[in-house]
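Visitor: Take this structure first; my questions come after.
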DNA sequence: ACCAATATGTAGAAATTACTACACATCAAA
DNA sequence: TTTGATGTGTAGTAATTTCTACATATTGGT
């Protein structure tokens, strides 16, 4: 009831980035060749599940994401934390900082980000 | 060729944590009730795909993870960065620090972690 | 009003993932 | 060596996900 299949996610990504599109336009942006009818099938599923909505304009239906990107992101983060870090998001972030390749500037940015949050959270 | 199905991942998680187990033992640790034969089917798939190996000891086969946890983690991180942060892992970490609920201590820990990496990267 | 281009709807097939039932194999103990 | 507990192998079923083919509908220009 929460996570997307691969195909669904490919469509949602496009809608999150592009806004309102009709099937033929989504098809063009699709990361791999896909038949129009196959794509429309994905849209049908997403519509039934309530993840997209559509609106008729001229001849065609235009689709938009109904499920926000942010919520989907949160669920995926939590899932990953569950799998790899006993459910702890902080643990996940720590693991990422420890293991990912990061340039000096990127680390500096992250550090500043943490400091900012710290300053904002406590009352100066 | 890279990512696990839900069922496969549930098995891999147990093997990553516990080491070498026989089917009945994995079955006990499984996050939800599962029939012995159903579990063994998952193991069969994982074996065919090369994600686990097995070794006979006494009556039973004992299974171990052949695909390392670390690699699977990296792939999942990259996938998530691709979907939500234009492929940038640093961007992903930044997004996490910005959006996740974190206690003061957790933020402090992350900050220290970043500082440590920074100190270690540049020559003191 | 008609036609051609563009869209849509639906039934069914293929591929993947997940599960079940049951017959057969192996080891240890009497 | 028979017996029973434990473990294995395999064939068949179900559910989900993905794709295809084709008939039908809608719109704008003539």
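Residue numbers (the numbering used here), protein chains in the order written: chain A, 1 to 124; chain B, 1001 to 1124.
Glycine included, every Cβ here is placed at the ideal spot set by N, Cα and C.
#1: Can you check whether the C-beta of residue 1111 of chain B is within less than 7 Å of a C-beta belonging to chain A?
#2: Between residue 11 of chain A and residue 1056 of chain B, what straight-line distance do the alpha-carbon atoms span, to the nearest angstrom?
#3: Pull out every residue of the segment 1079-1107 of chain B whose Cβ sits closer than 8 Å to any Cβ of chain A, in chain order.
#4: Could you name the residues of the same chain whose beta carbon sits closer than 7 Å to that of residue 123 of chain A, not counting the 5 residues immediately before and after it, in chain order?
#5: With H, G and I counted as helix, E and B as strand and the rest as coil, what does DSSP make of residue 21 of chain A?
#6: Are the CB atoms of residue 63 of chain A and residue 54 of chain A within a distance shorter than 7 Å?
#7: Under a three-way DSSP split, which group does residue 72 of chain A fall into?
#8: Say whether chain A places a C-beta atom closer than 7 Å to the C-beta of residue 1118 of chain B.
#9: On the DSSP letters alone, give me the boundaries of the beta strand (DSSP E) that residue 1135 of chain B sits inside.
#10: Report all residues from its chain with a CB closer than 8 Å to the CB of residue 19 of chain A; omit the five preceding and five following residues, and keep chain order.
#11: Around the C-beta of residue 1004 of chain B, are 16 or more other C-beta atoms found within 10 angstroms, so that it is buried, or is it exposed?
#12: Output the distance between the C-alpha atoms of residue 1084 of chain B and residue 1039 of chain B, rounded to the nearest integer angstrom.
#13: Any idea if residue 33 of chain A is buried or exposed, counting beta-carbon neighbours within 10 angstroms, 16 or more meaning buried?
#14: Can you give me the start and stop residues for the alpha helix (DSSP H) that residue 40 of chain A sits inside?
#15: Could you work out which residues of chain A lie near residue 1114 of chain B, taking near to mean beta carbons separated by less than 7 Å?
#16: Between residue 46 of chain A and residue 17 of chain A, is the Cβ-Cβ spacing less than 7 Å?
Guide: On the basis of the data shown:
#1: Interface residue (Cβ-Cβ distance to chain A less than 7 Å): residue 1111 of chain B is classified as such.
#2: So the alpha carbons of these two residues sit roughly 46 Å apart.
#3: Those residues of the segment 1079-1107 of chain B placed with their C-beta closer than 8 Å to a C-beta in chain A are 1080, 1083, 1084, 1089, 1090, 1092, 1093, 1094, 1095, 1096, 1097, 1098, 1099, 1100, 1101, 1102, 1103, 1104, 1106, 1107, ordered along the chain.
#4: Note that residue 123 of chain A scores a pLDDT of 48, beneath 50, so its modelled location is shaky; the value from the coordinates is reported in the next line. Taking residue 123 of chain A as the centre and dropping the five residues before and after it, the same chain places no C-beta closer than 7 Å to its C-beta.
#5: It is a strand residue.
#6: Yes.
#7: Looking at residue 72 of chain A - three-state DSSP - the assignment turns out to be helix.
#8: For residue 1118 of chain B, a Cβ of chain A is located within less than 7 Å of the residue's own Cβ.
#9: It is not possible to answer for residue 1135 of chain B, since the shown part of chain B is limited to 1001 through 1124.
#10: These residues qualify, in order along the chain: 64.
#11: In summary, residue 1004 of chain B is buried, with 16 or more beta-carbon neighbours lying within 10 Å of its beta-carbon over all protein chains present.
#12: Between residue 1084 of chain B and residue 1039 of chain B, the alpha-carbon positions lie close to 33 Å from each other.
#13: Exposed: under 16 other Cβ atoms inside 10 Å.
#14: Where residue 40 of chain A is concerned, the enclosing alpha helix (DSSP H) stretches over 36-49.
#15: Contact of residue 1114 of chain B with chain A by beta-carbon distance below 7 Å involves 97, 107, 110, 111, 114.
#16: No, Cβ-Cβ distance for residue 46 of chain A and residue 17 of chain A is not below 7 Å.
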